[in-house]
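Student: According to our numbering, numbering within the sequence shown proceeds without interruption in unit steps and concludes at 427. Backbone N, C-alpha and C define an ideal beta-carbon position, used for all residues, glycine too. The structure presented is a predicted model; accordingly, all values stated were derived computationally and were not measured. Structure provided below as structure tokens; questions to follow.
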Amino acid sequence: MSELAILGGPKTRTEAYPAWPVWDQRDIDAVTEVIKSGRWGGYPYPGPKTAELAKKFAELQGGGYAVPMTNGTITMEVALRAAGIGWGDEVIVPAYTFQATASAPMGAGAIPVIVDVDPNTYCLDAKAAEKAITPKTKAIIPVHLGSNMADMDAIMALAEKHNLIVIEDCAHAHGAKWNGQGAGTIGHFGSFSLQSSKTLTSGEGGILLCKSAEHAALAASIIDCGRPHALGGGGEDYETGLAIQGGNFRISELQAAMALVGIERFPEQAKQREEMAAYMDEALSEIPGVRVMKRDERHTTRSFYRYIFAVDPAQFGVEHDVLCGALDSEGIDCWVGYEAMHNYELFQPQKSKLAVPNAFPQYFDFKNMNLPEATRACEHEAVWLDEAIFRAGPNGVDDAVAAIKKIQRNAEELNKAAEELRKKHGK
Ligand SMILES: *Cc1c(COP(=O)(O)O)cnc(C)c1O
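Here it is as structure tokens:
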């Protein structure tokens with residue numbers, strides 16, 4: 001019998017990893033309190049729970065004016081609109097991220113300009129961004145991916161030189177710090193998601209951190225049907241009338257109440273993830289063909305939405321997708337990660353139903369674009385492990401590492417089986 005679970009052998013881990021999201025009596029009490037108060041919705045904005053969430057979240061990240069809203073995609077669109085960026089403007093985004101980072105600029109009418117990533121972190125490469133700057137470039141959206149952070153020193157220097165707005169996509173970076181400064185407080189805006197898979201969640205939701213009170217007031221207006229809001233997010237001012245194009249993207253009080261409980265739990269969870277990730281880094285760096293993401297010393301606090309590492313398929317013995325499939329069978333939740341942005345059908349002119357790629361096909365001429373690092377990461381190297389591995393404690397990490405070693409030991413047999421499967425499916 002094979003040693004590998006995917007070929008009929010015993011699983012490395014039979015116990016399920018802890019589920020996410022977690023909840024306790026506090027969540028039930030918080031929601032019950034809101035239900036009984038009768039103040040369920042987000043109007044008038046901000047409600048008491050939403051105002052408290054804004055204050056507590058800005059404290060958690062260490063600065064800025066927080067504007068809670070419906071999700072972590074509209075946050076980026078609202079940031080662009082608050083900064084006056086729209087039709088025909090160019091916004092630089094990395095080639096390795098969730099599609100929202102590029103679709104949010106399109107929502108504002110802007111054009112995402114896709115650039116390559118740094119192989120050490122898989123985050124936006126500031127040098128690639130600089131080459132992509134034109135007179136139309138108005139903003140740059142670095143994504144702090146998995147557990148890494150983009151080089152914010154280089155990005156802020158570039159932004160200053162070219163007068164660009166920086167929106168940090170912090171959907172993976174709650175609690176992360178760069179040079180001791182919270183993610184999302186370094187750029188002009190920080191965009192956070194509270195969607196159910198994220199490390200701080202209310203089921204759905206998003207928070208936009210704004211460096212300036214003026215941007216925060218504009219953001220509050222945009223998500224509140226254009227109603228004017230006072231500087232610093234302190235309620236409405238009906239006197240000045242409706243002058244801003246807005247919609248209803250308000251968070252509900254129920255969600256805000258749940259996010260507040262999540263903030264209470266967050267520091268303890270973050271500490272455990274950071275400790276276990278350090279343990280994981282050490283164990284993985286001993287495996288030939290495994291490359292642990294480089295930890296920049298300026299990245300002073302890490303957060304772990306997903307733990308990403310890279311394999312060198314030639315040295316490790318198998319391709320990343322084969323490793324992931326085998327790891328899943330071993331009982332270790334695993335994913336090859338996002339597709340490279342330029343491979344998403346969504347952004348291909350003709351194939352896409354989006355107006356922007358069809359109106360500006362020259363920006364989406366991917367055949368003539370060179371994005372080698374994102375391509376290599378997405379097609380051969382990257383392995384994403386679920387943060388649940390860390391919440392399971394040292395034993396959770398030990399199992400993941402043991403499974404990776406077991407797969408490497410049996411690489412030859414696994415590759416043979418994978419090859420047969422490929423032939424059978426005509427690939
Ligand atoms: C989850 C995510 C988003 C979008 O957040 P939603 O709240 O689901 O809209 C944006 N960017 C990245 C990198 C994400 O992972």
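D224 and Y45 look like a contact to me (Cβ under 8 Å); what is the Cβ gap, rounded to whole Å?
Tutor: Correct: roughly 4 Å between the Cβ atoms.
Student: Could you check whether the segment 361-378 touches the segment 116-126, counting it as contact only if at least three pairs of C-beta atoms, one from each stretch, sit closer than 8 Å?
Tutor: Judged by Cβ distances under 8 Å, the segment 361-378 makes contact with the segment 116-126, as three or more pairs qualify.
Student: With distances taken from each beta carbon to the nearest heavy atom of ligand 1, which residues come in below 6 Å, in chain order?
Tutor: Matched residues: N71, G72, T73, T97, F98, A100, T101, V143, D169, A171, H172, S193, Q195, G206.
Student: CA-CA distance, Q408 and A402?
Tutor: Whole-angstrom Cα-Cα distance: 10 Å.
Student: I need the DSSP call for C210, collapsed to helix, strand or coil.
Tutor: In this structure, C210 counts as strand in the three-state DSSP scheme.
Student: Would you kindly report the start and end of the unbroken beta strand (DSSP E) that includes P112?
Tutor: First-last of the beta strand (DSSP E) with P112: 111-115.
Student: Determine, using beta carbons only, whether V311 and G289 come nearer to each other than 8 Å.
Tutor: In contact: V311 and G289 (Cβ atoms closer than 8 Å).
Student: Counting only the same chain and skipping the five closest in sequence on each side, list residues whose C-beta sits under 8 Å from that of K56.
Tutor: Around K56: L260, I263.
Student: Tell me which same chain residues have a C-beta within less than 7 Å of the C-beta of A51, skipping the five on either side of it?
Tutor: So no residue of the chain qualifies.
Student: For K416, count neighbouring C-beta atoms within 10 Å of its own C-beta (all shown protein chains included) and say buried if the count is 16 or more, exposed if not.
Tutor: Per the 10 Å Cβ criterion, exposed.
Student: Rounded to a whole number of angstroms, what is the C-alpha to C-alpha distance between E268 and E274?
Tutor: Approximately 10 Å between the Cα atoms of the pair.
Student: Helix, strand or coil: how does DSSP classify A177 here?
Tutor: For clarity, residue 177 is Lys in the given sequence; the question names Ala instead. Three-state DSSP puts K177 in a strand.
Student: Which residues does DSSP list as the beta-bridge partners of L124?
Tutor: Per DSSP, V117.
Student: Leaving out five residues before and five after C324 in sequence, what residues of the same chain have Cβ atoms less than 7 Å from its Cβ?
Tutor: The answer, listed in chain order, is C334, W335, V336, V383.
Student: Only counting the same chain, and skipping five residues up and downstream in sequence, which positions put a Cβ closer than 7 Å to that of T14?
Tutor: The residues are G331.
Student: Would you kindly check if the distance between the Cβ of A230 and the Cβ of A79 is under 8 Å?
Tutor: The answer is no: Cβ separation not under 8 Å.
Student: Near T300, which residues of its chain fall below 8 Å by C-beta distance, leaving aside the five closest residues on each side in sequence?
Tutor: Here the set comprises K177, W178, N179, G180.
Student: Could you check if S147 is buried or exposed, using at least 16 other CB atoms within 10 Å of its CB as the buried criterion?
Tutor: Label assigned to S147: buried.
Student: Can you tell me the Cα-Cα spacing of G107 and E77, whole angstroms?
Tutor: C-alpha separation (whole angstroms): 6 Å.
Student: Using a threshold of 8 Å, state whether the C-beta atoms of R81 and I167 are closer than that.
Tutor: Cβ atoms of R81 and I167: not closer than 8 Å.
Student: Report buried or exposed for A400, applying the criterion of at least 16 other Cβ atoms within 10 angstroms of its Cβ.
Tutor: Classification of A400: buried, given that the 10 Å Cβ count is 16 or more.
Student: Could you give the distance in angstroms between the alpha-carbon of M149 and the alpha-carbon of A171?
Tutor: Rounded to whole angstroms, M149 to A171 spans 11 Å at the Cα level.
Student: Which one of Q99, L4, I404, D365 has the shortest CA to CA distance from F316?
Tutor: F316 has its Cα closest to that of I404, out of Q99, L4, I404, D365.
Student: Here's a check: name, in chain order, each residue in its chain whose Cβ is nearer than 6 Å to the Cβ of T101, leaving out the five neighbours to either side.
Tutor: Hits under 6 Å: V93, I141, V143, D169.
Student: Can you tell me where the alpha helix (DSSP H) with P94 in it begins and where it stops?
Tutor: Run containing P94: none in the alpha helix (DSSP H); it sits in the beta strand (DSSP E), 90-94.
Student: When the Cα atoms are used, what is the spatial distance from L414 to A104?
Tutor: Cα to Cα, L414 sits roughly 41 Å from A104.
Student: Alpha carbon to alpha carbon, how far is A314 from P412? Give it in angstroms, no decimals.
Tutor: First, the amino acid is wrong: residue 412 is Glu here, not Pro. Cα to Cα, E412 sits roughly 12 Å from A314.
Student: Once the 5 residues before and after G246 are set aside, which same chain residues still bring their CB inside 8 Å of it?
Tutor: Result list for G246: S221, I222, I223, D224, C225, G226, R227, in chain order.
Student: State yes or no: is the C-beta of M341 within less than 8 Å of the C-beta of A83?
Tutor: Going by C-beta atoms, M341 is not nearer than 8 Å to A83.
Student: Among residues of its own chain, excluding the 5 on either side of K138, which ones have a beta-carbon nearer than 6 Å to its beta-carbon?
Tutor: Only I85, D89 meet the Cβ criterion.
Student: Taking only three categories from DSSP, how would you classify Y238?
Tutor: A caution first: Y238 carries a pLDDT of 46, below 50, which makes its placement in the model too unreliable to give a value.
Student: Within the same chain, show all residues whose beta-carbon is closer than 7 Å to that of I133, passing over the 5 residues directly before and after it, in chain order.
Tutor: Cβ neighbours of I133 beyond the five flanking positions: H162.
Student: Looking only at its chain, what residues have a beta carbon closer than 7 Å to the beta carbon of F309, apart from the 5 residues adjacent to it on each side?
Tutor: Closer than 7 Å at Cβ, skipping near neighbours: L284, V290, R291, V292, M293, V383.
Student: May I ask which residues mark the beginning and end of the beta strand (DSSP E) holding R250?
Tutor: Neither: R250 is in no beta strand (DSSP E) and is coded neither H nor E.
Student: Quick check on the DSSP output: the beta strand (DSSP E) that includes G190 runs from which residue to which?
Tutor: 189-193 is the span of the beta strand (DSSP E), which, as asked, contains G190.
Student: Could you give the DSSP three-state label for I404: helix, strand or coil?
Tutor: It is helical.
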